[in-house]
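Asks: Below you'll find the structure I mean.
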Amino acid sequence: MTRPIRARIDLQALQHNFRLVREAAPGARVLAVVKANAYGHGAVAVARALRAADAFALASVEEAVQLREAGITAPLVLLEGVFGVEELRAVAAHDLQMVVHSLEQLDWLEQSDPATPLHLWLKVDTGMHRLGVTTRQYHEVRRRLSRLIAARGGSLRLMSHLACADAPRHPANDSQLAAFLTLDAVGLERSLANSAALLSRPDMCFDWVRPGIMLYGASPFDPAAERRPGLRAVMRLESRLIAVRACRKGEGVGYGHTWTCPSDLPVGVVAAGYGDGYPRHAAPGTPVLVNGTAVPLIGRVSMDMLCVDLRALPEARAGDPVELWGACLPVEALAARAATLSYELLCNVSARVPREYLNGEG
Ligand SMILES: *Cc1c(COP(=O)(O)O)cnc(C)c1O
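Here my numbering = 1-based position in the sequence shown + 318.
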């Protein structure tokens, strides 16, 4: 046997979650967000399985080129646009669309090869205060972009991003929507909603929705455990017990001996650690499924291993299957125990963990 950790990616679950996007936003087109290697799931496999998406969103030219080289011909959108003027050549060569969020990017476009068409998404800051031109700059920037597109061909769309969509009752949602609606968008397709907004605010769906986390089956809401509206987990991080030890009352387990056996007990050692992306800060007591039964994590998570208390499962043996998260143990539940988010856990599954795809069309 080789080291048993695997990330099993269920492409049927992915397609099921995509259908939920369509149901929640029936009038909108779908810009499926596959940045960060599709939140750790493998961008090429995810894009192939989501042929029904209208476009894919990425964070860099490199991520987009990876899809192009795999034969993905769908529209690809760079969510932060280009990071330097020299990237515009690759944008043209690979037929990429890009966000324009700053006056600097606008200057680069005006200096670039006048023969290439431009497919642009103008990003306006409606209150997140991260990227985007201000609502006061909007008219002028739109005018300059429209002039470029009139001369060179292409398209212009309007977008903004929400700061607090994971908390649907947060007042920032309405104020951002109000700011978005003040922008004169005659003739422009608009996009505002991420997963949380498209599930909770039909009035924010506009022409394009931008789901990320919900495609992968994790709830976008905070607290996440409260709402998982029919989503199916796409990734199952699984491994096996590689040892079962009989430890004695009073013995410390793992680095720093931060956990001490309260009685004689069987300790299971799982081949999964922070080097695989399991969070080092998962608290003792975090559930780990061994043979389908939840047992508590004990001691510190180390790079390649973690330990569990097997008192509830005295018959467990080396070789028994372990689920770290997946359909039976939601990644959001683990995230809550490790003071993080499902997003971070999924993205952090490391390169050494083999991805195995289920239910693909090949
Ligand atoms: C990552 C990202 C999304 C997707 O957000 P989720 O919460 O994962 O649905 C949407 N829009 C932009 C601009 C993003 O950067």
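Even glycine gets a Cβ: it sits at the ideal position worked out from N, Cα and C.
(1) Does DSSP put A350 in a helix, in a strand, or in coil?
(2) Looking at V640 and V606, is the spacing between their C-beta atoms short of 9 Å?
(3) Which of helix, strand or coil does DSSP assign to Q333?
(4) Bridge partners for E674 per DSSP, in chain order?
(5) The alpha helix (DSSP H) with V409 in it runs from where to where?
(6) Quick check on L659: does DSSP put it in helix, strand or coil?
(7) Counting contacts by CB-CB distance shorter than 9 Å, is Y573 in contact with chain B?
(8) Which residues bound the beta strand (DSSP E) around P520?
(9) Using the rule of at least 16 other Cβ atoms within 10 Å of the residue's Cβ for burial, across every protein chain shown, is R369 buried or exposed?
(10) Here's the rule I'm using: 16 or more other beta-carbon atoms within 10 Å means buried, otherwise exposed. How should M621 be labelled?
(11) Pull up the DSSP beta-bridge partners for L438, would you.
(12) So, helix, strand or coil for S537, using DSSP?
(13) Measuring CA to CA, which of H599, G568, A564, A600 is closest to V587?
(14) Exposed or buried, M623, counting other C-beta atoms within 10 Å across all chains shown (16 or more means buried)?
(15) Could you check if S581 is buried or exposed, using at least 16 other CB atoms within 10 Å of its CB as the buried criterion?
(16) Out of E381, L385, E674, T604, which one is the CA nearest neighbour of R554?
(17) Considering only their Cβ atoms, is the gap separating L533 from V552 smaller than 9 Å?
(18) Opposite P605 in the DSSP bridges: which residues?
(19) Mapping DSSP to helix, strand and coil, what is H359?
(20) Along the alpha helix (DSSP H) that carries V588, what are the first and last residues, could you check?
(21) Buried or exposed: which applies to I432, given that a residue is buried once 16 or more other Cβ atoms fall within 10 Å of its Cβ?
(22) Can you list, in chain order, the residues of its chain whose CB lies under 6 Å from that of T444, leaving out five sequence neighbours each side?
(23) I'd like the list of long-range same chain contacts for A515, defined as Cβ closer than 6 Å, with 5 residues on each side in sequence excluded.
(24) Evaluate T604 with the Cβ neighbour count: other Cβ atoms within 10 Å of its Cβ, from every protein chain shown; 16 or more gives buried, anything less gives exposed.
(25) For a test of your reading of the model: does the CB of N666 fall under 8 Å from any non-hydrogen atom of ligand 1? Yes or no.
(26) Can you say whether G678 is buried or exposed, counting buried as having 16 or more other CB atoms within 10 angstroms of its CB?
(27) Check each candidate in A367, A343, V619, E398 and name the one with the smallest Cα separation from A656.
(28) Have a look at the DSSP bridge pairing and note the partners of E556.
(29) Where do the N-terminal and C-terminal ends of the alpha helix (DSSP H) with D425 fall, by residue?
(30) Can you give the Cα-Cα distance for G680 and R366, rounded to whole angstroms?
(31) Would you check whether ligand 1 has a heavy atom nearer than 8 Å to the C-beta of R508?
(32) Among the candidates G574, L394, V383, V379, whose CA atom is the shortest distance from the CA of V400?
(33) Would you give the residue range spanned by the alpha helix (DSSP H) that A630 belongs to?
(34) Should K567 be labelled buried (16 or more other beta-carbon atoms within 10 Å of its own) or exposed?
(35) Return the chain-ordered list of same chain residues with a C-beta closer than 7 Å to the C-beta of A354, the five sequence neighbours on each side being excluded.
Replies: Looking at the atomic coordinates:
(1) strand
(2) yes
(3) helix
(4) R326
(5) 406 to 411
(6) coil
(7) No chain B is part of this structure, which consists of one protein chain only.
(8) Note, P520: premise wrong, no beta strand (DSSP E); not H, not E.
(9) exposed
(10) exposed
(11) M416, L474
(12) coil
(13) A564
(14) buried
(15) exposed
(16) E674
(17) yes
(18) P614
(19) coil
(20) Element bounds for V588: not the alpha helix (DSSP H) but the beta strand (DSSP E), 583 to 588.
(21) The residue you asked about is not Ile; residue 432 is Pro in the sequence shown. So P432 counts as exposed.
(22) S478, Q494, A497, F498
(23) L480, A483, M522
(24) buried
(25) no
(26) exposed
(27) V619
(28) R324, E641
(29) 421 to 429
(30) Below a pLDDT of 50, predicted positions are generally treated as unreliable, and G680, at 48, falls in that range; the measurement from the model is reported next regardless. Their Cα atoms are separated by approximately 9 Å.
(31) no
(32) V379
(33) Premise fails: A630 is in no alpha helix (DSSP H) and is neither H nor E.
(34) exposed
(35) A377, C665
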